[in-house]
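Numbering (the UniProt record's numbering), first residue to last: 1 to 185. Please read the structure below before turning to the comments.
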């Protein structure tokens, strides 16, 4: 049997996932623009999208709707708590804020994982075509995604405390030079 019969399905699947990721995460992308990036026809992309149940862009109205829902939940928590139960109200709001923060970070992690499908597709294409230029492009894209994601993780505080962070103890060894009332004898 030929080697390509084993590698072709995974290469095609990786390319398909990369195309979907690019289409869904880029607001200005069209089937035609994504098809030209991957060297396939727009009709092929439309078939892939149809087979997957339709590709949906991650657009701002969806994100805006989620933000409004979170604000409505916060308002409901405030309205449902009597004023004399201020501590319970603050605890409920803190829990709600934590849930929203977790959702936002989870969405960022999903986006990061999808972005690596682009690199997988580029690498598969470079290997399949034994194209050194395409391999260099895949490497550059991988480095760019790494830098971008590292910056986003740091901005969101997802990497945890830095290894140099810690408690700093300062010992002040200023001894009084004159005899004062506070100085020991």
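The beta carbon of each residue, even a glycine, is placed where N, CA and C say it ideally should be.
- For residue 157, there is no enclosing alpha helix (DSSP H), as DSSP marks it with neither H nor E.
- The same chain holds no residue with a CB closer than 8 Å to that of residue 130 once the five nearest residues on each side in sequence are set aside.
- Our two residues, residue 134 and residue 52, have alpha carbons roughly 27 Å apart in a direct line.
- The region 148-162 makes no contact with the region 36-46; the number of CB pairs closer than 8 Å stays below 3.
- The Cβ neighbour count for residue 18, taken over all protein chains shown within 10 Å, is at least 16; the residue is labelled buried.
- Between residue 158 and residue 106, the alpha-carbon positions lie close to 10 Å from each other.
- No residue range can be given for residue 28, since it is assigned to no alpha helix (DSSP H) and is classified by DSSP as neither H nor E.
- A residue is called buried once 16 or more other Cβ atoms fall within 10 Å of its Cβ, and residue 138 is buried on that count.
- Rounded to the nearest angstrom, the gap between the Cα atoms of residue 30 and residue 126 is 24 Å.
- Straight-line measurement puts the Cα of residue 47 at about 39 Å from the Cα of residue 72.
- Between residue 117 and residue 14, the gap from beta carbon to beta carbon is short of 8 Å.
- If you check the CB distance, residue 57 and residue 32 do not come in under 8 Å.
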